[in-house]
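>
Number of protein chains: 2
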Amino acid sequence: MKASRSTNFELRMLEKAPHLRTHQWVYQLLRRNLLCGRISPGHALTIRGLAQMLQVSPMPVREALHRLASEGAVEVKDNRRVIVPMMTAEKFNELCDLRILLETHAAGTALPHIKASDITELERIDGQIDAAVEAGQVEEISLTNHDFHRRLYSTNPHQISVPLIESLWLQLGPFSRIAISKLEKTYLVDRHVEAIAALRKGNADDLCRAIEADIRDGIASVKSLDGIYDVFKGVA
Amino acid sequence: MKASRSTNFELRMLEKAPHLRTHQWVYQLLRRNLLCGRISPGHALTIRGLAQMLQVSPMPVREALHRLASEGAVEVKDNRRVIVPMMTAEKFNELCDLRILLETHAAGTALPHIKASDITELERIDGQIDAAVEAGQVEEISLTNHDFHRRLYSTNPHQISVPLIESLWLQLGPFSRIAISKLEKTYLVDRHVEAIAALRKGNADDLCRAIEADIRDGIASVKSLDGIYDVFKGVA
DNA sequence: GTTCGAACATTGTGATCACATTAGCGGCGT
DNA sequence: ACGCCGCTAATGTGATCACAATGTTCGAAC
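Chains A and B, in that order, are what the protein sequence lines are. Convert by adding 369 to the 1-based position in the first sequence; the result is the number in the numbering used here. Convert by adding 369 to the 1-based position in the second sequence; the result is the number in the numbering used here.
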């Protein structure tokens, strides 16, 4: 019965650029859907089910899922079933600590390479974030927020930490979507303007402080939600 | 002609545990060979060539290579050819900085979970390292040294950073093998005894200092080698 | 002798097929 | 009525095949 492959979530589609390999397209599509929280923790993903949803053969889906597993975005259980990992308080705290550790370092090493054009680009992205916040588009907020951070860190041409940081985002993604959707809109202020001001001054300490505060604000918001982790307790 | 697939390196084989999937076995085998430097930077790896060497179909090799690529251990060029990445001075410094950042953090969070049995286990591994140093087995030194660090950090049951750290090791592996093999034996002293002493005292600061010193010693050794990066410059 | 081009070999990719393992379920026995 | 066992559907895995793209080599034209 094909109905068993039916899923209770809608994938945000992504047009396939012609030069992209199919498995890369599937990977990016699943990645974006995980980052913006379309696929919830505890949800099981099957190769054949996704292949049917995306109208491709199981092969590229296999590769995409295995890559996501190696990045910690999904978890391969002993049964070989693939699920989106659960979140615990300890895991969440550790992920946030690592974000602060790596992202302040990345921002510090990027600072010497910042050009004026980079700052205007970052301001443009920050405007997109504000627009998404204003419109209440939760998924857009996540995606553009990541764009902001990635663009900042990637200014350093020798940056190595971005893939590591993205792995952390992927592990936090499915969970933080739930958290953000439970927050009041007013809590969603970010520290990007402080970060941009620090970039203009070329002040590394201010920049790290802004990045750390930006991350910590999200933590504080989530921690204010009592029993947030229980949402995913009994699902597996 | 099959000879074109011939390789100028010997793979360190690894018996396949029966419960392991073939692609996991291939992955672990390639991973160990990269970590201990059997495969040099600039070397090209082909799916069919490896499949023939290992007597398996191209499929599990594909998955293993893609996973290694997502961890930064190998690099997929625009030609779709897979090579072991080159090393540059900037990249090396950045990788070492990240190692210090992540590994001191990992050690600090592991410290509260250390039990007496963990310390004896670490001492056992350290003995293996000394034996390998004494015997001049360069590859064994790398592998057991990683075992020591991994074992220490993994004592924390909620450890998230180990996969990130292993990614750094993988990127450093092929290069440091060359570096180590050019060093005098006497340079290869480590700071593991200091780390174990700090564990016994439960002193986090001492532990972090020992770990950082352990990593920095390797950096200093490599930097003392003039023109070490040039070895791999013209290969690609 | 040099250079351009066409034929060939090799490689990565994706689809399809075959098989082992596992989960889900219904029936049988106690 | 409860629990154990076997059957069936479904899933992940690995092999083989077909194809497109890339790299290489050999030969012809200037």
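Idealized CB from N, CA, C, for every residue including glycine. Here the structure is a predicted model, which is why all the values come from computation and not from measurement.
Kindly list, in the order they appear in chain A, the residues whose Cβ is closer than 9 Å to that of Glu-463/B.
What you label residue 463/B is simply residue 94 of the second sequence in a count that begins at 1. Result: Thr-478, Asn-525, His-527, Gln-528, Ile-529, Ser-530.
> As a quick exercise: from Met-422/B, Tyr-396/B, Val-443/B, Arg-390/B, pick the residue whose alpha carbon is nearest that of Ala-413/B.
In the second sequence, counting from the first residue as 1, residue 413/B sits at position 44. Of the listed residues, the one whose Cα sits closest to Ala-413/B is Val-443/B.
> Start and end of the alpha helix (DSSP H) containing Val-453/A?
Residue 453/A sits at position 84 when you count from the first residue of the first sequence. Looking at the DSSP string, Val-453/A is not in any alpha helix (DSSP H), and its letter there is neither H nor E.
> At 4 residues or longer, what runs of the alpha helix (DSSP H) sit wholly inside the stretch 385-447 of chain B?
Entirely contained in the stretch 385-447 of chain B, the alpha helix (DSSP H) runs reaching 4 residues are, in chain order, 391-404, 416-423, 427-439.
> Need the endpoints of the alpha helix (DSSP H) that Leu-380/A sits in, please.
Mapped onto the first sequence, residue 380/A falls at position 11. From DSSP, Leu-380/A is part of no alpha helix (DSSP H); its letter is neither H nor E.
> When burial is assigned at 16 or more other CB atoms within 10 Å of the CB, is Ser-486/A buried or exposed?
Sequence index remark: in the first sequence, residue 486/A carries index 117 (1-based). When all chains shown are included, Ser-486/A counts as exposed.
> Which residue from Arg-407/A, Phe-517/A, Ala-433/A puts its Cα closest to that of Gln-397/A?
Within the first sequence, residue 397/A is the residue found at index 28, counting from 1. Cα-wise, what sits closest to Gln-397/A is Ala-433/A.
> Less than 6 Å between C-beta atoms, sequence neighbours within five positions excluded: which residues of the same chain meet that for Leu-537/A?
Numbered from 1 along the first sequence, position 168 holds the residue referred to as residue 537/A. Excluding sequence neighbours, Leu-537/A sits near Leu-464, Leu-467, Arg-468.
> Give a yes or no on whether the minimum CB-CB distance between His-515/B and chain A is below 8 Å.
Counted from its first residue, the second sequence places residue 515/B at position 146. Output row for His-515/B: interface = no.
> Does the Cβ-Cβ distance between Asn-402/B and Arg-431/B come in under 8 Å?
As a position in the second sequence, residue 402/B is number 33, starting the count at 1. As a position in the second sequence, residue 431/B is number 62, starting the count at 1. No; because the gap between Cβ atoms is not below 8 Å, this pair is not in contact.
> What residues in the stretch 440-452 of chain A have a beta carbon less than 9 Å from any beta carbon of chain B?
Per Cβ criterion, the list reads Glu-440, Gly-441, Arg-449.
> In terms of residues, what are the limits of the alpha helix (DSSP H) holding Asn-514/B?
Here residue 514/B is taken as the residue at index 145 of the second sequence, counted from 1. 507-522 is the span of the alpha helix (DSSP H), which, as asked, contains Asn-514/B.
> Using a Cβ-Cβ cut-off of less than 9 Å, give me the residues of the stretch 481-495 of chain A that come near chain B, in sequence order.
So nothing in the stretch comes that close.
> Please report the straight-line C-alpha distance between Pro-387/B and Arg-436/B, rounded to a whole angstrom.
As a first step, residue 387/B is located in the second sequence; it is residue number 18 there, counting from the start. As a first step, residue 436/B is located in the second sequence; it is residue number 67 there, counting from the start. Taking the straight line from one Cα to the other gives about 21 Å.
> Of the residues Ile-588/B, Arg-449/B, Val-425/B, Ser-426/B, which one's Cα is nearest the Cα of Phe-544/B?
Within the second sequence, numbered from 1, the residue matching residue 544/B stands at position 175. Nearest C-alpha to Phe-544/B: Ile-588/B.
> Just verifying my parser: in three-state terms, what is the DSSP assignment at Val-604/A?
On the first sequence, residue 604/A is found 235 positions in, with the first residue counted as 1. A caution first: Val-604/A carries a pLDDT of 38, below 50, which makes its placement in the model unreliable, though a value can still be read off. Coil.
> Looking at the unbroken alpha helix (DSSP H) that takes in Asp-487/B, where does it start and where does it end?
Stepping through the second sequence from its first residue, residue 487/B is reached at position 118. First-last of the alpha helix (DSSP H) with Asp-487/B: 485-504.
> For Met-422/B and Arg-546/B, what's the separation of their Cα atoms in angstroms?
Counting from one through the second sequence, the residue named residue 422/B turns up at place 53. Counting from one through the second sequence, the residue named residue 546/B turns up at place 177. If you take the alpha carbons of Met-422/B and Arg-546/B, they lie about 23 Å apart.
> Using only CA atoms, which one of Leu-399/A, Phe-378/A, Arg-585/A, Arg-449/A lies nearest to Pro-429/A?
As a working note, residue 429/A is residue 60 in the first sequence. Cα-wise, what sits closest to Pro-429/A is Leu-399/A.
> So, is the C-beta of Glu-612/B closer than 8 Å to a C-beta in chain A?
Within the shown structure, residues of chain B are numbered from 370 to 605, placing residue 612/B beyond reach of any answer.
> What three-state label does DSSP hand Pro-526/A in the structure shown?
Indexing the first sequence from 1 puts residue 526/A at position 157. Coil at Pro-526/A, not helix or strand.
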